[in-house]
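Visitor: One structure, pasted below without further comment.
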Amino acid sequence: MKIWYSCKVKHNKELDDGMLKQVTDAYLMDAVSYTDAESRMYEICERDISGEFTVTQITKTNIAEVIHHEDSEKWFKSKVVYATVDGDSDKEVKINTYLLVSADHVKQAYERIEDHLNSMLVPYDIPSITLTNILEVYPYDPDEEKIPSNLKPLSEVESDED
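Residue numbers (this note's numbering): 417 to 578.
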């Protein structure tokens, strides 16, 4: 299961007239811990932001799934409610799930959520879709992991022993 962290970064941004303005940008990061989220956020900011920056806040989010479409820049957070039957008490229980979807407007976000959930067997409702201030979403990519220069892959070590 993915754990999504909201990361806020404060930095100076150059405006169209050449003036510098201090801004706080929000990002979403899939990470295994706060430490992982912080270190990856620093790596990304060093690469993408010129000048000084500070990671000011990292918080766990309640987002269960991210629906990404390359053609959209805006991110919408959606609440999806569905009902299931509790096995012990045989009572109906409502479950809230939060999705993040990239879309150009609310209607498109709703349609993309509907398309994503069309295979769901239980009935569901989408009571809210709100525009977020998230600029970019960074999913976990295992290929990005760096192997320190003093370590060798296990296959090389085993072949050296033979």
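Glycine included, each C-beta is placed from N, C-alpha and C at the ideal position.
1. In angstroms, rounded to a whole number, what distance separates the CA positions of methionine 457 and aspartate 576?
2. Taking 6 Å as the limit between beta carbons, can you name the residues of its chain near serine 518, skipping five residues before and five after?
3. When you compare the CB positions of lysine 418 and alanine 442, do they come within less than 7 Å of one another, or not?
4. Taking only the alpha-carbon atoms, compute the straight-line gap between serine 544 and valine 497 and give it to the nearest angstrom.
5. Quick one, are the C-beta atoms of lysine 493 and threonine 546 less than 7 Å apart?
6. Excluding sequence positions up to five away, which residues of its chain have a Cβ less than 6 Å from the Cβ of proline 555?
7. Who are the Cβ neighbours of threonine 470 in its own chain at under 8 Å, not counting the five residues just before and after it?
8. As a quick exercise: from Lys495, Glu462, Ser449 and Ile460, pick the residue whose alpha carbon is nearest that of lysine 476.
9. Under 8 Å Cβ to Cβ from leucine 436, same chain only, skipping five residues before and after it: list those, please.
10. Which residue marks the beginning of the beta strand (DSSP E) containing glutamate 508, and which one marks its end?
11. Taking all protein chains shown into account, decide if alanine 499 is buried (16 or more other Cβ within 10 angstroms of its Cβ) or exposed.
12. So, is isoleucine 550 buried or exposed, given that buried needs 16 or more other C-beta atoms within 10 angstroms?
13. Mapping DSSP to helix, strand and coil, what is lysine 523?
14. Tell me which residue opens and which closes the beta strand (DSSP E) that aspartate 446 is part of.
Guide: If we stick to the structure as given:
1. 37 Å
2. His484, His485, Ser488 and Trp491
3. no
4. 10 Å
5. yes
6. If the five residues before and after proline 555 are omitted, its C-beta is found closer than 6 Å to the C-beta atoms of Asp446, all from its own chain and listed in chain order.
7. Val425, Lys426 and His427
8. Ser449
9. Excluding sequence neighbours, leucine 436 sits near Asn428, Lys429 and Glu430.
10. 508-519
11. By the neighbour-count rule (16 or more Cβ atoms within 10 Å), alanine 499 is not buried but exposed.
12. buried
13. helix
14. 436-446
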